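Asks: So that we are looking at the same thing, I have put the structure below in structure tokens.
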Ligand SMILES: N[C@@H](CCC(=O)N[C@@H](CS)C(=O)NCC(=O)O)C(=O)O
């Protein structure tokens, strides 16, 4: 099934019954605007697993009690129900889905690229953490510059395609949900263009935005601005 044709199911809330759990169906518990869950959603779509991995959106602001009690005690998304088990943590999950399901491989075999891929994936928490700090700082733009320079330099390293490891991979998937949101927020609040003076980053975003598996997972930018303003700029 082409990912663009998929009809997205309605999120389940506190009034909804659980699906028939552990009946052999593989389910991705998600929340459409969650960047962590988006990583797994992109991976599933890119590998063409729309029929094998069923999306089960959970409405997090009013989530059903059975989700924590019967599905995932951490009470977070994403979580994957597969072979009678529940697995969480988006960075583990994208690797798990890539290794345990059919479809195009999303991680290079070449040892040099694989090593760099692991390095990039283990850096993504620092990247997102530094930007969250930057939004609350006096010198937001300077701090943001350092992070996007990191990505620009990373994109120069392999250089046999527009993506971080040349071909589209889990490394791109780890970063893009956050870059998408940070780009919107920095542009709206600070008139900061993350691609200015960064041709590799500009080309990377252009290419990623052509990928249907990603395009269908994008969040409404207005929603990002509203929620980030509340989260980062309003006094708590
Ligand atoms: N480290 C987790 C983070 C997942 C996460 O924080 N998800 C958020 C939604 S974007 C969540 O479920 N929040 C619910 C809560 O914390 O109660 C991952 O990478 O999967």
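Numbering (our numbering), first residue to last: 1149 to 1384.
Cβ coordinates follow ideal geometry from the N, Cα and C atoms, glycine included.
Computed from a prediction, not measured in an experiment: that's the story for all the values here.
(1) Just grab the DSSP bridge partners of residue 1229 for me.
(2) Pull up the distance between the alpha-carbon of residue 1235 and that of residue 1189, whole angstroms please.
(3) How about residue 1356 and residue 1324: are their beta carbons less than 8 Å apart?
(4) Excluding the five sequence neighbours on either side, which residues of its own chain have a C-beta within less than 8 Å of the C-beta of residue 1251, listed in chain order?
(5) Where does the unbroken alpha helix (DSSP H) through residue 1108 begin, and where does it stop?
(6) Rounded to a whole number of angstroms, what is the C-alpha to C-alpha distance between residue 1273 and residue 1309?
(7) Nearest-angstrom Cα distance between residue 1299 and residue 1275?
(8) Applying the 10 Å Cβ sphere with the 16-neighbour rule, what's the burial state of residue 1219?
(9) Considering only the alpha carbon of each residue, which of 1373, 1239 and 1315 lies closest to residue 1338?
(10) Using CA atoms only, rank isn't needed, just tell me which of 1211, 1266 and 1297 is closest to residue 1278.
(11) If you run the structure through DSSP and keep just helix, strand and coil, what is residue 1200?
(12) Please return the same chain residues whose Cβ sits closer than 8 Å to the Cβ of residue 1271, not counting the five positions on each side in sequence.
(13) Note down the Cα distance separating residue 1153 from residue 1265, rounded to an integer number of angstroms.
(14) Rounding to the nearest angstrom, what Cα-Cα distance links residue 1246 and residue 1175 in this structure?
(15) Do you know how far the Cα of residue 1282 is from the Cα of residue 1352?
Replies: Looking at the atomic coordinates:
(1) Counting from 1 along the chain shown, the entry for residue 1229 is found at position 81. Bridge partners of residue 1229: 1175 and 1234.
(2) Here residue 1235 corresponds to residue number 87 of the chain shown, with the count starting at 1. Here residue 1189 corresponds to residue number 41 of the chain shown, with the count starting at 1. Using only the alpha carbons, I get a separation of about 14 Å.
(3) Your numbering for residue 1356 matches position 208 in the chain shown. Your numbering for residue 1324 matches position 176 in the chain shown. Result yes, Cβ atoms of residue 1356 and residue 1324 sit closer than 8 Å.
(4) Here residue 1251 refers to the residue found at position 103 of the chain shown. The answer, listed in chain order, is 1194, 1195, 1196 and 1197.
(5) There is no way to answer for residue 1108, as the model of the chain reaches only from 1149 to 1384.
(6) The residue given as residue 1273 occupies position 125 in the chain shown. The residue given as residue 1309 occupies position 161 in the chain shown. About 24 Å.
(7) To locate residue 1299, count along the chain shown from 1; it is residue 151. To locate residue 1275, count along the chain shown from 1; it is residue 127. Their backbone Cα atoms lie some 9 Å apart in a straight line.
(8) For this step, residue 1219 is matched to residue 71 along the chain shown. Classification for residue 1219: buried.
(9) As a working note, residue 1338 is residue 190 in the chain shown. Checked all of 1373, 1239 and 1315; the closest Cα to residue 1338 is 1373.
(10) Residue numbering aside, residue 1278 sits at position 130 when the chain shown is read from its first letter. That would be 1297, whose Cα lies nearest to the Cα of residue 1278.
(11) Position 52 of the chain shown, counting from 1, holds the residue named residue 1200. Reduced to three states, the DSSP call for residue 1200 is coil.
(12) For this step, residue 1271 is matched to residue 123 along the chain shown. Once the five neighbours on either side are set aside, the close Cβ partners of residue 1271 are 1298.
(13) Here residue 1153 corresponds to residue number 5 of the chain shown, with the count starting at 1. Here residue 1265 corresponds to residue number 117 of the chain shown, with the count starting at 1. Cα-Cα distance, rounded: 31 Å.
(14) Here residue 1246 corresponds to residue number 98 of the chain shown, with the count starting at 1. Here residue 1175 corresponds to residue number 27 of the chain shown, with the count starting at 1. Going from the Cα of residue 1246 to the Cα of residue 1175 covers about 15 Å.
(15) Position 204 of the chain shown, counted from the first residue, corresponds to residue 1352. Position 134 of the chain shown, counted from the first residue, corresponds to residue 1282. Going by the C-alpha atoms only, they are around 23 Å apart.
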